[in-house]
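Participant: Read in order, the letters of the sequence shown are residues 56 to 288 in our numbering. Don't be surprised by glycine CBs; every beta carbon is placed ideally from N, CA and C. Values in this document were obtained by computation on a predicted structure and should not be read as measured data.
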Amino acid sequence: MKPTIVLVHGAFAESASWNGVISRLRAAGHRVIAAANPLRSLSGDAAAVRSLLTSIEGPIVLVGHSYGGAVITNAAIGLGNVKALVYAAGLAPDKGESVPDLTGKYPGATLGEVLYQVPFPDGTTDAYIEQSGYHRHFAADLSPEQATVAAATQRPFNSAAAGEGSGEPAWRTIPSWFIYPELDLAIPAEVFRFMAERAGARATVEVPGASHALPVSQPQAVADFILRAVANI
Numbered sequence: 056m057k058p059t060i061v062l063v064h065g066a067f068a069e070s071a072s073w074n075g076v077i078s079r080l081r082a083a084g085h086r087v088i089a090a091a092n093p094l095r096s097l098s099g100d101a102a103a104v105r106s107l108l109t110s111i112e113g114p115i116v117l118v119g120h121s122y123g124g125a126v127i128t129n130a131a132i133g134l135g136n137v138k139a140l141v142y143a144a145g146l147a148p149d150k151g152e153s154v155p156d157l158t159g160k161y162p163g164a165t166l167g168e169v170l171y172q173v174p175f176p177d178g179t180t181d182a183y184i185e186q187s188g189y190h191r192h193f194a195a196d197l198s199p200e201q202a203t204v205a206a207a208t209q210r211p212f213n214s215a216a217a218g219e220g221s222g223e224p225a226w227r228t229i230p231s232w233f234i235y236p237e238l239d240l241a242i243p244a245e246v247f248r249f250m251a252e253r254a255g256a257r258a259t260v261e262v263p264g265a266s267h268a269l270p271v272s273q274p275q276a277v278a279d280f281i282l283r284a285v286a287n288i
């Protein structure tokens, strides 16, 4: 039975960011689901994705981009049908680590320079990327037209999700795979190398010249890497 491939987007993106990857995975004969990631709190987002995972029969390959990597790290814990975790420019926190703990671990991230906050009555804030900075700092290898649309359709990232520490990581018990961009300005490449080594990744690939928007700008590389993981479960 071929595994179902579940894709989890990160902050400042949405499920359609996987469209180019989805078409390639479907052409290879796989059922694919691009989960809706609420981006409200890490524990809540992981619970939402976990509910989806428990509804799926048969093996699953779970893929996370950016903050979506933190979500899959928490959502898959203890689920025996999740056979591989694929981090596509994705965060893989250890227990207690938050998003800023990892993104600030090594120098090179510039995305924070172009974020603005929308406050809520509960004391949290939603972060957005200034549309004028989206192309350069998040998606430099997209065309200006693609980046403009992505900037307009970005989904905001709540401060509760950004600041919450991770639970026990699923990568301790589920094989992990890491593909990441060389020129990521949201999460420095050195962070991905650190996380992959810590997790004992089965394979690690750096995509030359790629930006943080890896699933959109490099869908063939991402799909090929996912299929490589599928072939080894």
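1) For L97, name the three-state secondary structure that DSSP assigns.
2) At the level of alpha carbons, what is the spacing between A130 and T109?
3) If you draw a straight line from the C-alpha of I88 to the C-alpha of A71, how long is it?
4) Would you mind sorting Y171 into buried or exposed? The rule is 16 or more other CB atoms within 10 Å of its CB.
5) Grouping DSSP H, G and I as helix and E and B as strand, with all else coil, what is E69?
6) In or out: F193 buried (at least 16 other Cβ within 10 Å) or exposed?
7) Could you tell me how far apart the beta carbons of P274 and T128 are, in whole angstroms, since I believe they sit closer than 8 angstroms?
8) Looking only at its own chain, which residues have a Cβ that is under 6 angstroms from the Cβ of A217, when we skip the five neighbours before and after it?
9) Let me check one thing: in DSSP terms, what residues is D156 bridge-paired to?
10) Please look up how many angstroms separate the CB atoms of S231 and A265, rounded, as I've assumed it's under 8 angstroms.
11) Taking A68 and H120 to be in contact with their CB atoms under 8 angstroms, please state how far apart those CB atoms are, rounded to whole angstroms.
12) Checking the sheet assignment: what are the DSSP bridge partners for I212?
13) Please state the DSSP three-state secondary structure of E112.
14) Quick check on D196: buried or exposed, where buried means 16 or more other Cβ atoms within 10 Å of its Cβ?
15) Under a three-way DSSP split, which group does I234 fall into?
16) Take the Cβ of A286 as the centre, count every other Cβ of all protein chains shown within 10 Å, and call the residue buried at 16 or more, exposed below.
17) So A278 packs on R79, CB below 8 angstroms; how close in whole Å?
18) In the DSSP output, which residue or residues are listed as bridge partners for G75?
19) Assuming I281 and V116 form a contact by the criterion Cβ under 8 angstroms, report the distance between their Cβ atoms to the nearest whole angstrom.
20) What first and last residue would you give for the alpha helix (DSSP H) that runs through T128?
21) Taking C-alpha atoms, which residue in G167, G133, V126 and G163 lies nearest to A333?
22) Buried or exposed for G65, please, with buried defined as at least 16 other CB atoms from any protein chain shown within 10 angstroms of its CB.
23) In terms of residue numbering, what span does the alpha helix (DSSP H) encompassing A284 cover?
24) Here's a check: name, in chain order, each residue in its chain whose Cβ is nearer than 7 angstroms to the Cβ of E261, leaving out the five neighbours to either side.
Facilitator: Reading it off the structure:
1) helix
2) 10 angstroms
3) 11 angstroms
4) exposed
5) coil
6) buried
7) Actually they do not touch by this definition, with Cβ atoms about 23 angstroms apart.
8) V154
9) Answer by DSSP bridge pairing: none, since D156 is not bridged.
10) Wrong, their Cβ atoms sit about 20 angstroms apart, outside the cutoff.
11) 7 angstroms
12) One detail in the question is off: residue 212 reads as Phe in this sequence, not Ile. Looking at the DSSP assignment, F212 forms a beta bridge with A182.
13) coil
14) buried
15) strand
16) exposed
17) 4 angstroms
18) Partner(s): none; G75 has no beta bridge.
19) 7 angstroms
20) Y122 to A130
21) The structure shown has nothing for residue 333, since the chain only spans 56 to 288.
22) buried
23) P274 to V285
24) Y235, E237 and A244
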